[in-house]
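**Q** Quick one: structure below, then a few questions.
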Amino acid sequence: EHDFAAFCRRRPGATTIRTLHGLSWARDPAGLAVADVRADAFCHSMVRALVGCLIPVGEGRRDPEWAGEVLRSGVRDPGVTVARARGLTLEEVAYPADADLATQAEAARVVRTLS
28 EHDFAAFCRR RPGATTIRTL HGLSWARDPA GLAVADVRAD AFCHSMVRAL
78 VGCLIPVGEG RRDPEWAGEV LRSGVRDPGV TVARARGLTL EEVAYPADAD
128 LATQAEAARV VRTLS
């Protein structure tokens, strides 16, 4: 669980706290880089900003530690270019089992309630 403010477009009344379950990269058979990002929820532009932050790291233009520094800063870094939506594909939306859905929703609500 982290505050992804540095990777999200601010929206009135919304928080930027999310739980990132996984973020991995692989090459598909055509040689394209494929990012797999999983979370309990995403903020507006979060995936595009994460991808835009990690591309220069993967290309060696930024140190790997830079991505963590951006996350901890809590503000947009001018070095992060939000990836274009073209080429990004939502493949799946998964929800907890019915028996766990209410518990998960309440846990998320507690974390994301603005004080």
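Numbering (the working numbering), first residue to last: 28 to 142. Glycine is no exception: its CB is placed at the ideal position from the N, C-alpha and C atoms.
Let me know the secondary structure DSSP gives Arg54 once reduced to three states.
**A** Numbered from its first residue, the sequence shown carries residue 54 at position 27. Correct three-state label for Arg54: strand.
**Q** Examine the Cβ distances between the stretch 84-93 and the stretch 38-50 and report whether three or more of them are shorter than 8 angstroms.
**A** Touching, no.
**Q** Under the rule that 16 or more other beta-carbon atoms within 10 Å means buried, what is Arg75, buried or exposed?
**A** What you label residue 75 is simply residue 48 of the sequence shown in a count that begins at 1. So Arg75 counts as buried.
**Q** Classify Arg102 as buried or exposed, calling it buried when 16 or more other Cβ atoms lie within 10 Å of its own Cβ.
**A** To locate residue 102, count along the sequence shown from 1; it is residue 75. According to the sequence displayed, residue 102 carries Val and not Arg. That one is exposed.
**Q** Going by C-alpha to C-alpha distance, which of Met73, His29, Pro56 sits closest to Arg37?
**A** Within the sequence shown, residue 37 is the residue found at index 10, counting from 1. It is Met73.
**Q** Using 8 angstroms as the Cβ pair cut-off and three pairs as the minimum, do the stretch 89-108 and the stretch 55-71 touch?
**A** In short, these stretches do not touch, since the Cβ pair count stays below three.
**Q** Run the CB neighbour count on Val120, radius 10 Å, all protein chains shown included, and call it buried at 16 or more, exposed below.
**A** Looking up residue 120 in the sequence shown gives position 93. Exposed: under 16 other Cβ atoms inside 10 Å.
**Q** Exposed or buried, which one is Ala132 when buried takes at least 16 other CB atoms within 10 Å?
**A** The sequence position of residue 132 within the sequence shown is 105, counting from 1. Looking at its Cβ environment, which holds fewer than 16 other Cβ atoms inside 10 Å, Ala132 is exposed.
**Q** Can you tell me which of Asp125, Leu77, Ala124, Gly40 puts its alpha carbon nearest to the alpha carbon of Ala110?
**A** Within the sequence shown, residue 110 is the residue found at index 83, counting from 1. Minimum Cα distance to Ala110 is reached at Leu77.
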